[in-house]
């Protein structure tokens, strides 16, 4: 095991930060609880804190792991020129192996959901269940969504000039003008998350956005996936995300779909109790219906 504990100073106070070597980067993670494992994968331009409400709540009955995806948070950047979903899924595979997690349930939101799809379709026999929240998939990208994804690319040179935080706030403002105030959900929660972690560099932002922009051209084949899946999206989520949830439900043999009342794109932060309860139900009724089978013997 190459697990280490780094010492990082945050706001003048030293904290021991657990990190693990994964695929050439030192990945920051937090592990809680005991029992069947769940690994949470956050969305673009946030960090592990996005899933903390669920990771903390479910640690009463499960081993929960949150981590900072390459380029984000306390994991930070790397010298790799280009990030792909495959690379980020390989990072996740190395994390699962290093932490000795036996057939975890994968739970990803937005970009994290794309990483989870890449992992689940490459290693369908290494997980016990799949949760895809407020995410999107390959295929069925219509011109309005393609236009939106094109604007993501335009954000990169602007971010180099004014910083990615200003770019994102402008995009949130635009969403609210076009689709109403509820379109951005509880964006203040995301802003609070940002304050607690290190700032992402503009170059890492660019690499992450390029990985996100590759999703329409990606290929996810779920034909070998035999574990149950849960698809979650907010009531005020973008139309194409709802459409992609239905597409994923049709492609995955054993899938349930849950709409989060009052939720938007980060539905687990908008309505944390509702999403935690939905995850608990899924884990107890669909994944671990009997004794947890993976004893390691």
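Numbering (this note's numbering), first residue to last: 173 to 469.
By construction, the Cβ of each residue, glycine as well, lies at the ideal position given by its N, Cα and C atoms.
- Annotation: residue 302 to residue 430 spans about 14 Å, alpha carbon to alpha carbon.
- By the Cβ criterion, the region 233-247 is in contact with the region 188-199, since at least three pairs of Cβ atoms, one from each stretch, lie closer than 8 Å.
- Counting along the chain, the unbroken alpha helix (DSSP H) around residue 262 starts and ends at 257-270.
- Between residue 327 and residue 283 the beta-carbon gap is near 14 Å, outside 8 Å, which marks them as no contact.
- Residue 404 is bridged by DSSP to 305 and 430.
- Under the three-pair Cβ rule at 8 Å, the region 385-392 does not count as touching the region 402-409.
- Residue state for residue 203 is assigned as strand, using DSSP reduced to three classes.
- A contact is defined here as three or more CB-CB pairs under 8 Å, and the region 250-260 fails this definition with respect to the region 221-237.
- When 399, 374 and 269 are compared, the shortest CA-CA separation from residue 277 is found for 399.
- Here residue 460 carries a coil assignment [DSSP, helix/strand/coil].
- Around the beta carbon of residue 323, fewer than 16 other beta carbons lie within 10 angstroms, which makes this residue exposed.
- Of the residues assessed, residue 314 falls on the exposed side of the cut-off, its CB having fewer than 16 other CB atoms within 10 angstroms.
- Membership of residue 280 in the beta strand (DSSP E) is indicated by the continuous run 277-281.
- DSSP lists 198 as the bridge partner or partners of residue 193.
- Contact between residue 264 and residue 287 holds, since their C-beta atoms are separated by about 6 Å, short of 8 Å.
- Sequence-distant Cβ neighbours of residue 412 in its own chain, meaning closer than 6 Å and more than five residues away, are 317.
- For residue 328, DSSP assigns no beta-bridge partner whatsoever.
- Counting the other Cβ atoms within 10 Å of the Cβ of residue 371 gives fewer than 16, which makes it exposed.
- Annotation: residue 455 to residue 420 spans about 19 Å, alpha carbon to alpha carbon.
- Counted as a single uninterrupted DSSP element, the beta strand (DSSP E) harbouring residue 210 occupies residues 209-213.
- Closest in C-alpha terms to residue 211, from the list 445, 234, 306 and 457, comes 234.
- Judged by DSSP secondary structure, residue 236 falls within the beta strand (DSSP E) whose first and last residues are 235-239.
- DSSP, read as helix, strand or coil, puts residue 421 in helix.
- When rounded, the separation of the alpha-carbon atoms in residue 189 and residue 289 is 28 Å.
- No Cβ-Cβ contact shorter than 8 Å links residue 441 with residue 424.
- According to the DSSP assignment, residue 442 belongs to the alpha helix (DSSP H) that extends over 439-442.
- Judged by their CB atoms, residue 382 and residue 254 are nearer to each other than the 8 Å cut-off.
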